[in-house]
Structures are given as structure tokens and as C-alpha cells.
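Chains as they are written, first to last, in the numbering used here: chain P, 1 to 445; chain A, 1001 to 1445.
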């Protein structure tokens, strides 16, 4: 049977998986330090729910049981993000959750892209959201991007800057300049990076009947950037104003100033950010991996006032999602980071002959009981060959149980330096940096 | 839209997810202590590969792209175990892996069971395997079950005992007593638990033409149990013998004696174990969760001489798989173990008024920087209400920044005892047992 990788379904070799696992652990521990509860939802949702929101509905994988016959399930599909599952989980468990509900979720998602498109069809996202019952205070719109900045700053990757805007600014402004179809306008402006200013102006004229002056004003708004209250002045200098716009500018300035006072350089205003999804109602976030702007946003999200409702209550929230696989594919692919060895093992216990194996296993058990990852040599080849077994895998230490005369004499050799010392399996520890594989970063230019 | 759980797709509330996550972390760290590399494979495999082995081929979920039209993919299905993906991964990466390749893999798998059957359709497995190129020494058949015993003994669950047999014993014995279709005989004996001795005898007569005497001998073999070399004597006492049987008995005794010398009570011989899957060729393992025998085997596996081959090389291996979801559903469902709180948070920083929020955020940042999971109160209600916010979630400490006169005075209250002390956010630590949520075990009867 022919074996070839499936395009769009990335997999790592063991050494690179160490990098991925370390990144996932760092994200998880940071989210928990901020008091977010981890949840894991099933991979599938009813198709009707997957189709109820957003613009990605075209890219769903449906499931069919091979032997389903006449008794097929209600139609199920693989989730394409972690927001639809969150909204369903909140509704399903509303009576058992305490609100505001702080949750993180790190899982694979699937998109039924065409194989030839070269896009990921399976990838990992890491989401944090705070969900309120009926109300949710604005300060969470400052808090959530900072959780992500904190998490991302601990990863062995280039620096990430969050860029933010506010839906109320764009909606208020478009309304003030007389544009009617505001949602479609947002979707068009969201494509600025892809189709350029000329393309945006033409599409605005075509799809929402914008005049040339309206289109130019929309583009001028999208040019505004800044790290302080001056962004509000720049917007008002365009000469339009209404209540929603004022409210949005107030929120945007509070976000930028509040975030940068807590973590300097964390969040910058960028009024070109529209976010195509309909459900955002306040702050919206994208982000840049510095030096890798071509990757696009690696962490995005926003505020939504009513992602879901059970008829009695609505559940507003704010959250962001990190595209973990997108970041990893870049930093591993460009060798910006790698693991110091292929295996978790710190010590290989050599075996001189099979009669000695049980003794070697006991040495290994003693080392493991003190947290030292240990393998016993699978063979009884010459010690030089056993050392090469360790070398090939990057295992730093080899433990020997016999001296040259054959007498029992526990010793451990650092195979990089060649230094060999007598050692007690109940006391010896490798240096901290050798205990587990380390991540090695190439210097960032 | 109606919300109801999907049968067969278990999900946990946040507090129970803490238990699951701790269990998964313990398995992972134990496997790494034994020098196994973690890998994660994509969720899908080509259907042709999923159908090429074993008896579970009926329970596959096939994928279809919702908007696939004429350009559907090569047929893909969700993996139903972690062995098929391992064999494919080994073939695909054989040139880049070092053998013997020690890998663990903890992932969800899916089975397209009928919804009404009440079985899991999505569940987590934790597998360890050692895979050799062309050869693999017998001692790994002693090593691998001990890895699982070590991992399972660290979980907050009742004790697990591995029960083992050897394919060569059964095959050699059936051959010696004159049965021809040995594979079908193994599959029938494997059903002993379900259909009973009478059912096995009848099915053997019907399907493989066994005489009553042959059927009774097969059942007598299946009755043999023991913890030492006496099991070999009991088999030979049935009066049949050949080379394969001798080899199998020798291996079985080496396994039982070797395993119990390293970890007493870890592995017991049970000749009723047949394992239905064709690819096992040596040791086979099942296991019992003591006091929960009705659950069936929670950890199973065996030795296979050629799970895969690339035409030039074959890849023998030995491995076991833990049914993590099966164990968790039982111990969480019966409340044998629970988490000491709902959230990771150890400290809630109270907020007296919104002007104070930024100060509270800085306190939280200082605590987090020293590894203390901290939330800032989402509201500025009376302190009694903020304390109840913490109480509801099981957060043990609340941090206050003002004394009654309104002057700044950092204090921390243990809300269980009511004790409140002055504290420095750069120095104070909670007791170790409050730093992270603890698992609480009900006493095992």
C-alpha cells in the first residue's frame, strides 16, 4: 500500500512534537494562572449548529457510519472552530456553570478545504473566552488580549503584538457617513489586505452603493493607527460623529491605554481591522508575529454581545483564539526553534549481558522514581555501540554497572564530554538543563 | 435549537475535566520517564488502510466535505484505534526514526457505533509500543506491561492487575490436540466471558468442527491461572506437547517471573486470554480494575511480529493500550475521585471600586509571576458577595487591597478558616496543597 503524507494534515516527527507539546503546555499553564478552566468538547456537532453562524460554513467535514445502513445518525460534522462548541457547551450546561465562565480550550479543528488548496485541513487552536450571563463588563475586553500576550510572550517564538479596533467605531462611522449595509461594508473592508484600497473602493461601490467619497472615507478610517488617545482625535478629524462612534472611541482608547499600562507594547490600535464575522459587537483583535507579517493574524477574536441565547438569557462574551499550528509550522519549518534531543530520555542504562538486565531495570526504576527519564539498553552489544544508541537519540548520559574487570561498580558517563564518575542511583542527579529536553531558539534577527 | 447531549460522546464539566487532565498528565509523564517519545497523528486515515486489519472495521466514521461536489478526497475515515495510525506513521517515517522506536500516544479515537447501543463513539486511548526493525527482543514483552502498571499505579483509581497469556501456548496447544482452524478457535475462545463454556464448546463444534473432547481440552486450557512456573506444569499435565507450545510456555513463565520480581503482583497468568485480533504472535495482555471486574479489560495489548512491512523490512512490536475514557467514566461517575475545586484559581483579588481595578491587576500579575493562579474579581460588589464568588468556585483565598478605613493595606484571607493576614504580593505563597486543585479519592472499599 502506498504511503504518502495527506496534504493539509500536518504531523511532526518525535523531536518536533517535543516543541509542540512544550508550546501547548505553556499555553495551558498560562491560561490556568489566569484562572481559566480547561474544557474539552467532543469533535462533532450537529450539522445544523455548525451551519448556523459565520462564513466558514462551506468547509465542514460530515460524518457517515460506514455500516450505517438505514439507521444513520442525526447529521454530524467535525467542528471547524472552538466557538461553536463553546456556545453549545454553555447552553447545554448553563445550569451547572458559574458566570462569568472563564474557559480555555486547546483542541484540533477540521476544515473540509479542497486538497489542492494547500491549506490546513486539521489544525490546533487555543482559545480563551470569558462568557457572562446577560451582562459582561467592558474590562474583560482589556483583560483577554493581555492573557494572550502573556501566554505568547512565554513561547520560543518572535514577539506578537495585538492590533485592535472596535466594531462600534466602524459601525458608527459608516452610519455617520451615510452607508446603509454596514455588515457587508465590514466584510469588504476586512479584505483590504487581500484586494487593496482600489479593490475595496470598487467593491464598496458595487455591493453597497457607496459613493467615491464614502469609499475614500472608509479607507481613510482604515489607515488610522496609534498607541494612545490620538487615534480618537484622528477619527474625529475626519469630521463625522454620532453616539455609537463616540462610545466605540471611548472603549478603544480605554483598551489601548489600559493594556499598555499593564504590559507596555502589548496592544496597538489599527482601524483597518474589521473581522468578517457578524457576531462581534465591541473590541476586535488581530495580531502580528513580528518579522512574519506574511503569516497573517496568529491570534484573533473579539467581543460578542449574544453569541448564544436560550430564549431566557443571552450569553455575551469576549475571547481570542491562537492559531497554534500556523505558528508552529512556521517556527519549526524555518528552524527558529528545536528540541535539544529526540527523546525524553536523560539516561541510558547499558547492559553487558542478558543476566544483568534485571539489575539494569532496577537501576532504571530507582532513577525514574526521582524523576529522571531512563531507558535500559535494548541490546547487549559492545559498550561503544550502546553509547552510539544514546548518541543518535541525543541521550546525554549512559549508566554502566560493571567496571572493566567485570565487578559491579555503578558509574555514569556524560557522553558529550566523556567524563565518567562513580554514581549512586538513589542520589545522582543530572544537571537541571539535562533533566528534560530543552527548546533551543535560533537567534531572532 | 434544542440542546441535548449526544449519546456516546462524553464530555466533562470543568471540575471533572481537572480529574481527566491530571490523569492524562500522569500517564504522559510516566511514559516519558520510561523513555517513550510522544507522537500525535492526524485523526484521519485512508479508508483502505482502516479496513486492512482487525475485526473493528465495521465501526468507521467516513468523512465527506459538505461542499465537496465532484472533487471529493480520496476516501478518509476517522481512526478507530491508535495502532493503525502507528503502523502507517512508522512506514511513512521509517527512514527518519531510530529503531527500536519507543512511542506513546494519547488521543481520541472514534467508532461509528449505532447511537442506541450506548457505547462510546468518541473516547481517549493511551498507547505505548516499542517497534523494532526486523527484530525485537523478548524482554520488551516483560517491560511494556510494567510500564502500564507503573503508570496506572500512580492514578487515583483502584489497583489494576495485568493478566497475560501467550499466543504460542494457545496455538501450539490447539495444533497439538488436532484443531485445524486455529485463528477462528482463538476468536471463539476469546468470547468465553460473553457466551460461557457451553457456548464456546457449541461454537467450536459448529465453526471449526471440534470434537467434544477437543472442545473440553480447549476449555480446560482456558481455566489455567497462576503467578509462577506452575502454570506451565498445569498445561503440560493436560498431556499434549509440541515445539511451539514449549516455546510459548517458556516465554509465559519468563514474563510472569520477570515482571513480578520487578513489581510484585503486577502480572498474573490467565490462559483464558485469547485476544480476538489476528496480528498478535506472542504475549497477550488484558487487565482488571480490582473491584470493577464488570468494566472488562481497561488495558490490553500484545506482541505482534509483523504489524506492517514496507516490502523490505517488517516491523515487529509489543504494546498496550489503556481505555482512559472507560476508566474515567467509572471513577468520576461513581465519585471515586473528584477535584478539590472547580477552577484552577488559588486567589481571587477583590476590587472595591473600578478605579482600583488596575492596582488589583498588578497584584494578580505579581502573584502569577510566582506561579499562583489568580483572578481579579469581575465586579465591585460588597466584599461579602466577592467572597461568595470565590466560595462557589472553591477558590481558597481572597486578596484585599484596602482596610476598613479605605487605606491601602494588602491582606489575604483564607475564606475557609476566615483567617486574614497582611501579605506581600511578591513574597506570600499559599500552602502547597492549595496551590493547584487536588484530586480527592473516596476510600476504596
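Glycine included, every Cβ here is placed at the ideal spot set by N, Cα and C. Keep in mind that this is a model prediction, so the values were computed, not measured.
With distance defined between alpha-carbon atoms, name the residue in A:1051, A:1146 and A:1075 nearest to residue 364 of chain P. A:1146
Could you check whether the Cβ of residue 1408 of chain A sits closer than 9 Å to any Cβ belonging to chain P? no
For a contact defined as C-beta to C-beta under 9 Å, what are the partners of residue 374 of chain P on chain A?
Result: 1033, 1034 and 1035.
**Item:** Proximal residues of chain P, C-beta to C-beta of residue 1009 of chain A below 7 Å
**Value:** 42 and 44
ask   = Near residue 184 of chain P, what residues of its chain come up, given a Cβ to Cβ distance below 7 Å and the 5 sequence neighbours on each side ignored?
value = 207 and 208
Which chain P residues sit within Cβ distance under 8 Å of residue 1137 of chain A?
378 and 379
query = Under a three-way DSSP split, which group does residue 55 of chain P fall into?
reply = Any reading at residue 55 of chain P must be qualified, since the residue scores a pLDDT of 49, below 50, and its modelled position is unreliable; no value is offered.
* To do: Pick helix, strand or coil for residue 1215 of chain A, following the three-state DSSP scheme.
  => helix
| message | According to DSSP, simplified to helix, strand and coil, what is residue 1375 of chain A? | response | strand
* Quick one, which of P:283, P:6 and P:189 has its alpha-carbon nearest residue 317 of chain P's? -> P:283
key: Option nearest residue 228 of chain P by Cα separation, candidates P:82, P:163 and P:241   = P:163
- Message: In whole angstroms, give me the CA-to-CA distance for residue 50 of chain P and residue 342 of chain P.
- Response: Rounded to whole angstroms, residue 50 of chain P to residue 342 of chain P spans 39 Å at the Cα level.
| said: Can you determine whether any heavy atom of the ligand SAM sits closer than 8 Å to the C-beta of residue 1269 of chain A, and answer yes or no? | reply: This structure lacks the ligand SAM; in fact it carries no ligand of any kind.
- Note down, in chain order, every chain A residue with its Cβ under 7 Å from the Cβ of residue 65 of chain P. Against residue 65 of chain P, the close residues of chain A are 1061 and 1112, in the order they occur along the chain (beta-carbon pairs closer than 7 Å).
| request: Under 9 Å between beta-carbons, which chain P residues line up against residue 1083 of chain A? List them in chain order, please. | output: What residue 1083 of chain A touches in chain P: nothing, since even the nearest Cβ is about 15 Å away.
My parser needs the alpha helix (DSSP H) runs of 4 or more residues fully inside the segment 167 to 220 of chain P; what are they?
167 to 176, 182 to 189 and 192 to 208
6 Å Cβ shell around residue 1322 of chain A - same chain, five flanking residues per side excluded: 1126 and 1299, listed in sequence order.
Helix, strand or coil, according to DSSP, for residue 380 of chain P in the structure here?
coil
Can the beta-carbon of residue 1022 of chain A be found closer than 9 Å to that of residue 1439 of chain A?
yes
- [ ] Look up residue 1064 of chain A in the DSSP assignment and say whether it is helix, strand or coil.
- [x] strand
- Message: Less than 9 Å between CB atoms is the rule here; does residue 344 of chain P satisfy it with respect to chain A?
- Response: yes
Check your understanding: Using DSSP with H/G/I as helix, E/B as strand and the rest coil, what is residue 99 of chain P?
Key -> coil
| request: Tell me residue 413 of chain P's beta-bridge partners as DSSP assigns them. | output: P:398 and P:420
* To do: Specify, as a first and last residue, the run of the beta strand (DSSP E) that residue 1306 of chain A falls within.
  => Residue range 1299 to 1309 is occupied by the beta strand (DSSP E) that includes residue 1306 of chain A.
*How is the beta strand (DSSP E) around residue 239 of chain P delimited, first residue to last?*
Here residue 239 of chain P belongs to no beta strand (DSSP E), and DSSP marks it neither H nor E.
- Message: With three or more C-beta pairs closer than 8 Å as the rule, is the segment 254 to 269 of chain P touching the segment 145 to 161 of chain P?
- Response: yes
Would you identify the three-state DSSP class for residue 323 of chain P, choosing helix, strand or coil? strand
Practice item. Would you please verify whether the beta carbon of residue 4 of chain P is less than 9 Å from any beta carbon of chain A? Key: yes
query: Beta carbon of residue 289 of chain P, beta carbon of residue 157 of chain P: below 9 Å?
result: Between residue 289 of chain P and residue 157 of chain P, the gap from beta carbon to beta carbon is short of 9 Å.
**Request:** Measure the alpha-carbon distance for residue 56 of chain P versus residue 80 of chain P and round it to whole angstroms.
**Result:** Any reading at residue 56 of chain P needs caution, since the residue's pLDDT is 48, under 50, leaving its predicted position unreliable; the model's value is listed next. Approximately 8 Å, taken between the alpha carbons.
* Can you give me the start and stop residues for the beta strand (DSSP E) that residue 281 of chain P sits inside? => 280 to 289
**Prompt:** When the Cα atoms are used, what is the spatial distance from residue 210 of chain P to residue 242 of chain P?
**Reply:** 19 Å
Q) Do you know how far the Cα of residue 1336 of chain A is from the Cα of residue 1291 of chain A? A) Rounded to the nearest whole angstrom, the CA to CA distance from residue 1291 of chain A to residue 1336 of chain A is 12 Å.
**OP:** Identify the continuous beta strand (DSSP E) that holds residue 1129 of chain A and give its terminal residues.
**Re:** 1122 to 1131
Give the range of the beta strand (DSSP E) segment to which residue 1045 of chain A is assigned. 1044 to 1046
Compute the beta-carbon to beta-carbon distance between residue 352 of chain P and residue 402 of chain P, rounded to the nearest angstrom, for a pair I have assumed lies under 8 Å.
5 Å between Cβ atoms; contact.
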